[in-house]
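Visitor: Residue numbers (the working numbering): 305 to 591. Each residue gets a CB set at the ideal place from its N, CA and C atoms; glycine is no exception. Predicted model, so just to flag it, every value in this text is computed and none were measured. Submitted below is the structure of interest, expressed as structure tokens.
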Ligand code: Q0N
């Protein structure tokens, strides 16, 4: 008999179901988005790779902060998690100047109220990683906010706590990845509170969908580094002259195969675990 589950939410590429009053099931699909559009072609195993990476990092950072992971299901793409009261901010940490951080810096010399040195170039490493929160937009883009605006949403004490924890998580994972030839340029984390008001890391964590991973070998400040995972997809879409509005183009087999290989390679390089071993027994990443 299948268990009764209630669909409680969906993101662009993930679904959330209620298992009971205390537990949710987070299911990662194989859908892929580029330039903010979901493409009609899926990347086989993408959801498994992202679920595996989140589980791997949850297991290795639990002494820094508790997280919502309860169990990984045998399908490899479903995470049972504790139900939390989510904080109403996206917790972004940036070690390098990319994306909206770079855009804001060019326009104002600041990112979320952090005044940065003059003369930085795109993708340059920052003197120190910075915490750059954003609002959660239901539709459209998250909006970067400064410390005062974030404190309005979560309070000062909680702000100081999530900032310190997010920076500590970034420091741990970026050092780990750097040792394996991968730069963690930036990352987006989501936190919630447990029934006792304790801070808990939720959502996905340190996956290619929530972070910018760059191959360290190809890094050079002043350029836009190739995305570790989506570069074939972006290059193909650019080659079509597609106008980047829905519907997106179907991907040819070679782009699908190459992109799947990049996801699997990122997983294996970061974790040292063979992807086949994960598929056979997902708990290997949290053992
Ligand atoms: C929750 N979101 C935002 C999946 C991701 N542990 C939790 N407890 C309560 N709520 C949430 C979580 C988690 N994780 C997180 N929404 C609810 C992102 N979602 C969007 C839908 O797909």
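Would you kindly report the start and end of the unbroken alpha helix (DSSP H) that includes residue 542?
Guide: Its alpha helix (DSSP H) spans residues 535–544.
Visitor: Going residue by residue through the segment 423–488, where are the continuous beta strand (DSSP E) segments of at least 3 residues, counting only ones entirely within it?
Guide: Runs found: 429–435.
Visitor: Where does residue 579 sit, in a helix, a strand or coil, going by DSSP?
Guide: Helix at residue 579.
Visitor: Taking the CB atoms as reference points, tell me whether residue 516 and residue 409 lie closer together than 9 Å.
Guide: Cβ distance not < 9 Å, so residue 516 and residue 409 don't count as in contact.
Visitor: Residue 368: which of 313, 476 and 552 sits nearest, CA to CA?
Guide: Checked all of 313, 476 and 552; the closest Cα to residue 368 is 476.
Visitor: Assuming residue 329 contacts residue 309 under a Cβ cut-off of 8 Å, what Cβ separation, rounded to an integer in Å, is found between them?
Guide: Confirmed, Cβ separation roughly 7 Å.
Visitor: Answer yes if the segment 456–474 comes into contact with the segment 493–506, meaning at least three C-beta pairs across the two stretches below 8 Å, and no otherwise.
Guide: Yes, they touch.
Visitor: Where do the ends of the alpha helix (DSSP H) carrying residue 329 lie?
Guide: Per DSSP, residue 329 belongs to no alpha helix (DSSP H); it is in the beta strand (DSSP E), 327–332.
Visitor: For the structure I just gave you, are there three or more beta carbon pairs, one from the segment 455–464 and one from the segment 334–347, closer than 8 Å?
Guide: Taking 8 Å as the limit for Cβ pairs, the verdict is that the segment 334–347 does not touch the segment 455–464.
Visitor: Kindly indicate the opening and closing residues of the alpha helix (DSSP H) around residue 409.
Guide: From DSSP, the alpha helix (DSSP H) with residue 409 extends over 403–412.
Visitor: Residue 549: which of 325, 339, 436 and 525 sits nearest, CA to CA?
Guide: It is 339.
Visitor: Give the secondary structure of residue 337 by DSSP, where H, G and I count as helix, E and B as strand, and everything else as coil.
Guide: In the structure shown, residue 337 sits in a strand (DSSP, three-state: E or B).
Visitor: If we ignore side chains and look at the alpha-carbon of each, how far apart do residue 430 and residue 554 end up?
Guide: Cα to Cα, the separation comes out at about 37 Å.
Visitor: How about residue 332 and residue 508: do their beta carbons lie closer than 9 Å?
Guide: Yes, these two residues count as a Cβ contact at 9 Å.
Visitor: Since I believe residue 579 is in contact with residue 559 (beta carbons under 8 Å), could you give me their beta-carbon distance rounded to a whole number of angstroms?
Guide: The Cβ separation is near 19 Å, so there is no contact.
Visitor: Output the boundary residues of the alpha helix (DSSP H) element that contains residue 365.
Guide: Looking at the DSSP string, the run of the alpha helix (DSSP H) that includes residue 365 is 350–365.
Visitor: Excluding the 5 residues flanking residue 530 on each side, which residues of the same chain have their C-beta closer than 8 Å to its C-beta?
Guide: The residues are 518, 519 and 522.
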